[in-house]
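Novice: Start counting the sequence shown at 2; every next residue gets the next number (this note's numbering). Note that beta-carbon positions come from the ideal geometry of N, C-alpha and C, so glycine has one too.
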Amino acid sequence: MKIFTAEQISNCDQYTIKNEPVSSVHLMERAAEACVEWISENCNHHRNFVVFCGNGNNGGDGFAIARMLYQKGFDIDVFTNTKIKFSTDAQENFRHIKEISGITIREFKEVLNYRFDSRTVIVDALFGTGLSRSLNGDVKDLVEFLNQKKNIKISIDLPSGLLADTVSDSDSVVFMADYTLSFQFWKKSFLHAETGKFAGKVEILDINLSEDFIEETETGDFVIDDEVIKSIFKIRNEFSHKGTYGKAAIIGGSYGKMGAVVLSTRAVLKAGAGLTFTVAPKCGYEILQTSDPEAMFIEGGKDYIENFDVEETAVCGIGPGLGTHEKTAKSLLNFLKSCSKPLILDADALNIIAQDPANLNLIPVKSIITPHPKEFERLFGKTENSFERTELAKNKSRELHIYIVLKDHHTQIITPEGKVFYNITGNSGLAKGGSGDILTGIITSFLAQKYSEHEAAILAVWFHGKAAEFASEKHSKESMLPSDVIKEFGNVFSELNDKVQKLL
Ligand SMILES: NC(=O)C1=CN([C@@H]2O[C@H](COP(=O)(O)OP(=O)(O)OC[C@H]3O[C@@H](n4cnc5c(N)ncnc54)[C@H](OP(=O)(O)O)[C@@H]3O)[C@@H](O)[C@H]2O)[C@@H](O)CC1
Ligand SMILES: Nc1ncnc2c1ncn2[C@@H]1O[C@H](COP(=O)(O)OP(=O)(O)O)[C@@H](O)[C@H]1O
Ligand SMILES: [K+]
2 MKIFTAEQIS NCDQYTIKNE PVSSVHLMER AAEACVEWIS ENCNHHRNFV VFCGNGNNGG
62 DGFAIARMLY QKGFDIDVFT NTKIKFSTDA QENFRHIKEI SGITIREFKE VLNYRFDSRT
122 VIVDALFGTG LSRSLNGDVK DLVEFLNQKK NIKISIDLPS GLLADTVSDS DSVVFMADYT
182 LSFQFWKKSF LHAETGKFAG KVEILDINLS EDFIEETETG DFVIDDEVIK SIFKIRNEFS
242 HKGTYGKAAI IGGSYGKMGA VVLSTRAVLK AGAGLTFTVA PKCGYEILQT SDPEAMFIEG
302 GKDYIENFDV EETAVCGIGP GLGTHEKTAK SLLNFLKSCS KPLILDADAL NIIAQDPANL
362 NLIPVKSIIT PHPKEFERLF GKTENSFERT ELAKNKSREL HIYIVLKDHH TQIITPEGKV
422 FYNITGNSGL AKGGSGDILT GIITSFLAQK YSEHEAAILA VWFHGKAAEF ASEKHSKESM
482 LPSDVIKEFG NVFSELNDKV QKLL
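In structure tokens:
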């Protein structure tokens, strides 16, 4: 799914109005209906809603939602500021709601005397994509007041105070939503840590904006949705043999860090590679042969790796548990100098490369590197925030012609062409040592199975998150282990096959 800026969304809005054609107030009606449908389906235990409406079209949505919820039998109160001029469509919906005797309309300042029942749901329709500056004055006080309430909070389109495309000043006040019902597109700010925390759980509601506009309008930012995944995933061919699914090698492990390479190797195996090797120090021989008997062991040193040579046709994922021993570092850098095929580089492989900025140029083109934020900083330097980090990653991907998998809650895959793919699967159950090692294994496995670098990176990140969702359902986010995540790969493949199989 494409991610558009607030300006592109507004253009899409206008294009739809002109070309569908549909009147703007009717489009507002459609948006409100989508919200009301979601609320009616999901708010089974709540009958009271208090809707806060601004003066622009976001407020217009709020008035329409209030009217429709009232018509469905919910108890509704509305707060707004009647002293400021409404937008044309907000004015029309304000007029409708004034005619409903069962809804009381109050001024914002009256909120201080309002009795919030603990079961009342607060709906924020103050500002959406039209926000042009930080909240201040009365509306800032109002949002601060509402943020202190323990009630369930739902934002319409965007939490008020949040910009769609970028981070606002750190002292800006933003409505803290539990749920955000947003129209048609993901907004970039939902996907970054500093801003996404205000949105709570995001639901994207389809309001049928123009498909032509969406198709024709260029953007560099995407969310990895089912359509993306369906276009990548290939069903296993029954007329195949192990050679069809390639050779994969995980190179890593050192004394005390053999678990990382065990997990990574197991992830390669369970993600479907044809032949799997593990290059690890001798001290890991028994551990690996016992834990992952399907993989072949290649001795790369005694207590740490000194030799990176592996069969030429194997796809190599390097780094899990590798350590940064001087001799390992030296031989890794020599290996990189002699290597021209794309590699997957993670963890200590990245920490070794980060020791000297000149090493970055040794990374073979089209390689996939998988830094978490700290590793990214070691490689490329500090940034002010995660939006800037993504911009820096775009520059570096272009400059070095590599794929950067920037690991985060919403991991981003950044391509050498400067495109950014945001992942929306996964959960905080992955915030545990070992999760990244598994991801390296999945990417290595998919690349060995002849997915392109672009496809392998996107599919693997989505797959990793999906497996984590299955694991958390069974074990909880707290208790799930990276090895539980690997056990769910089969369920993810079943889901993938169901998505793309031609079923009778
Ligand atoms: N896109 C779609 O497909 C559809 C969009 N729809 C809806 O339209 C919404 C966008 O509506 P919108 O453009 O009217 O902007 P909105 O967010 O209501 O705010 C503008 C008003 O707020 C004011 N204002 C701004 N910042 C302020 C501040 N800090 N403090 C105080 N005031 C501030 C600003 O004043 P100004 O900046 O001009 O002074 C103006 O009066 C969108 O989010 C969605 O909900 C649906 O109805 C249909 C389909
Ligand atoms: N809160 C979270 N939500 C979603 N994914 C997460 C979260 N925390 C961690 N992850 C994922 O888990 C993995 C952690 O990788 P990393 O930090 O390298 O772990 P390790 O090196 O210990 O294996 C990454 O893929 C990251 O995206
Ligand atoms: K809002």
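In the DSSP output, what is M297 paired with across the bridge?
Specialist: By one-based count along the sequence shown, residue 297 stands at place 296. Looking at the DSSP assignment, M297 forms a beta bridge with F278.
Novice: Identify the continuous beta strand (DSSP E) that holds L351 and give its terminal residues.
Specialist: Translated into the one-based positions of the sequence shown, residue 351 becomes position 350. Careful: L351 lies outside any beta strand (DSSP E), inside the alpha helix (DSSP H) at A348 to I354.
Novice: CA-CA distance, W463 and I233?
Specialist: Counting from one through the sequence shown, the residue named residue 463 turns up at place 462. Counting from one through the sequence shown, the residue named residue 233 turns up at place 232. Cα to Cα, W463 sits roughly 11 Å from I233.
Novice: Can at least three beta-carbon pairs, one atom from the stretch 22 to 41 and one from the stretch 52 to 64, be found at a separation below 8 Å?
Specialist: yes
Novice: What does DSSP give as the partner residue(s) for F184 in the beta ladder?
Specialist: Stepping through the sequence shown from its first residue, residue 184 is reached at position 183. DSSP lists L206 as partners of F184.
Novice: Ligand 2 and K202: does the residue's C-beta get closer than 7 Å to at least one heavy atom of that ligand?
Specialist: In the sequence shown, counting from the first residue as 1, residue 202 sits at position 201. It does not: the Cβ of K202 is nowhere closer than 7 Å to a heavy atom of ligand 2.
Novice: Roughly how many whole angstroms lie between the Cα atoms of S183 and N209?
Specialist: Residue 183 sits at position 182 when you count from the first residue of the sequence shown. Residue 209 sits at position 208 when you count from the first residue of the sequence shown. Going by the C-alpha atoms only, they are around 13 Å apart.
Novice: Could you give the DSSP three-state label for F191: helix, strand or coil?
Specialist: Taking the sequence shown and counting its residues from 1, the one referred to as residue 191 is at position 190. It is helical.
Novice: Taking contact to mean 3 or more Cβ pairs, one atom from each stretch, closer than 8 Å, check whether the stretch 34 to 45 and the stretch 2 to 21 are in contact.
Specialist: no
Novice: Need the endpoints of the alpha helix (DSSP H) that Q15 sits in, please.
Specialist: For this step, residue 15 is matched to residue 14 along the sequence shown. Element bounds for Q15: A7 to N20.
Novice: Could you check whether the stretch 447 to 457 touches the stretch 262 to 280, counting it as contact only if at least three pairs of C-beta atoms, one from each stretch, sit closer than 8 Å?
Specialist: yes
Novice: Can you find the residues in the same chain that come closer than 8 Å, C-beta to C-beta, to G103, ignoring five residues on each side of it along the sequence?
Specialist: The residue given as residue 103 occupies position 102 in the sequence shown. These residues qualify, in order along the chain: Y71 and I77.
Novice: Quick one: give me the first and last residue of the alpha helix (DSSP H) that D222 is part of.
Specialist: For the purposes of this step, residue 222 is taken as the residue at position 221 of the sequence shown. D222 -> not in any alpha helix (DSSP H); beta strand (DSSP E) instead, spanning D222 to V224.
Novice: Just checking D170 against ligand 3 - is the residue's beta carbon closer than 7 Å to any of the ligand's heavy atoms?
Specialist: Within the sequence shown, the letter at position 169 stands for residue 170. D170: no, Cβ never under 7 Å from ligand 3.
Novice: Should I236 go down as buried or exposed, given a rule of 16 or more other Cβ atoms within 10 Å for buried?
Specialist: Locating residue 236 in the sequence shown gives position 235, counting from the first residue. So I236 ends up on the exposed side.
Novice: Taking C-alpha atoms, which residue in A268, S190 and D227 lies nearest to E489?
Specialist: Position 488 of the sequence shown holds residue 489. The shortest C-alpha separation from E489 is found at A268.
Novice: By Cβ distance below 7 Å, which residues in the same chain neighbour S429 in space, the five residues on each side in sequence not counted?
Specialist: Counting from 1 along the sequence shown, the entry for residue 429 is found at position 428. The beta carbon of S429 sits closer than 7 Å to the beta carbons of K478 from its chain, once the five residues preceding and following it are set aside; these are given in chain order.
Novice: Should N43 be listed as close to ligand 3, given that the test is whether its C-beta is under 7 Å from any heavy atom?
Specialist: Working through the sequence shown from its first residue, we reach residue 43 at position 42. Every heavy atom of ligand 3 is 7 Å or more from the Cβ of N43, so no.
Novice: For P343, I'd like the list of residues in its chain whose CB is within less than 6 Å of its CB, leaving aside the five on either flank, ordered along the chain.
Specialist: Taking the sequence shown and counting its residues from 1, one reaches residue 343 at position 342. P365, K367, S368 and E454.
Novice: Below 6 Å CB to CB, which residues in the same chain sit around L337 once its five sequence neighbours on both sides are set aside?
Specialist: Locating residue 337 in the sequence shown gives position 336, where the first residue counts as 1. L363, listed in sequence order.
Novice: From this set, F50, G131 and F117, which residue's C-alpha is nearest L163's C-alpha?
Specialist: As a working note, residue 163 is residue 162 in the sequence shown. That would be G131, whose Cα lies nearest to the Cα of L163.
Novice: For K154, which three-state DSSP category applies?
Specialist: Locating residue 154 in the sequence shown gives position 153, counting from the first residue. Here K154 sits in strand by DSSP.
Novice: So is the beta-carbon of L70 under 7 Å away from any non-hydrogen atom of ligand 3?
Specialist: Taking the sequence shown and counting its residues from 1, the one referred to as residue 70 is at position 69. No.
Novice: Out of V224, A67 and S171, which has the shortest C-alpha to C-alpha gap to I415?
Specialist: In the sequence shown, residue 415 corresponds to position 414, counting from 1. It is V224 whose Cα lies nearest to the Cα of I415.
Novice: Is T266 a contact residue of ligand 1, with contact defined as CB to any heavy atom under 7 Å?
Specialist: Numbered from 1 along the sequence shown, position 265 holds the residue referred to as residue 266. Checking the Cβ of T266 against ligand 1 gives no.
Novice: According to the Cβ coordinates, are P282 and D304 closer than 8 Å?
Specialist: If you number the sequence shown from 1, residue 282 lands on position 281. If you number the sequence shown from 1, residue 304 lands on position 303. It is a contact, given that the beta carbons lie within the stated cut-off.
Novice: Given this structure, state the Cα-to-Cα distance separating E418 from E93, to the nearest angstrom.
Specialist: For this step, residue 418 is matched to residue 417 along the sequence shown. For this step, residue 93 is matched to residue 92 along the sequence shown. C-alpha separation (whole angstroms): 46 Å.
Novice: How about G301 and V280: do their beta carbons lie closer than 8 Å?
Specialist: Position 300 of the sequence shown, counting from 1, holds the residue named residue 301. Position 279 of the sequence shown, counting from 1, holds the residue named residue 280. Between G301 and V280, the CB-CB gap stays under 8 Å.
Novice: Quick one: residues in its chain with C-beta nearer than 8 Å to the C-beta of A178, no 5 flanking neighbours on either side, listed in chain order?
Specialist: Counting from 1 along the sequence shown, the entry for residue 178 is found at position 177. If we look at A178 and ignore the five residues flanking it on each side, its Cβ neighbours are D125, K154, I155, S156, P160, F199, A200 and G201.
Novice: Quick one: using the 10 Å Cβ neighbour count with 16 as the cut-off for buried, is P372 buried or exposed?
Specialist: The sequence position of residue 372 within the sequence shown is 371, counting from 1. Classification for P372: buried.
Novice: Leaving out five residues before and five after C13 in sequence, what residues of the same chain have Cβ atoms less than 6 Å from its Cβ?
Specialist: Position 12 of the sequence shown holds residue 13. For C13, where only same-chain residues beyond five positions count, the Cβ hits under 6 Å are L210 and F214.
Novice: Return the residue from the list E239, S173, F191 and R134 that minimises the CA-CA distance to D158.
Specialist: Here residue 158 corresponds to residue number 157 of the sequence shown, with the count starting at 1. Residue F191 is the option with its Cα nearest to D158.
Novice: Between D438 and ligand 2, is there a pair consisting of the residue's CB and a ligand heavy atom that are separated by less than 7 Å?
Specialist: Working through the sequence shown from its first residue, we reach residue 438 at position 437. Yes, the beta carbon of D438 sits closer than 7 Å to at least one heavy atom of ligand 2.
Novice: On the CB-based measure, 16 or more other CB atoms within 10 Å of its CB, does G382 come out buried or exposed?
Specialist: Within the sequence shown, residue 382 is the residue found at index 381, counting from 1. Label assigned to G382: exposed.
Novice: Flag T412 as yes when its Cβ comes closer than 7 Å to any non-hydrogen atom of ligand 2, and as no otherwise.
Specialist: For this step, residue 412 is matched to residue 411 along the sequence shown. Yes, Cβ of T412 sits closer than 7 Å to a heavy atom of ligand 2.
Novice: What did DSSP end up calling Y452 once you bin it into helix, strand or coil?
Specialist: If you number the sequence shown from 1, residue 452 lands on position 451. The answer is coil: DSSP assigns Y452 none of H, G, I, E or B.
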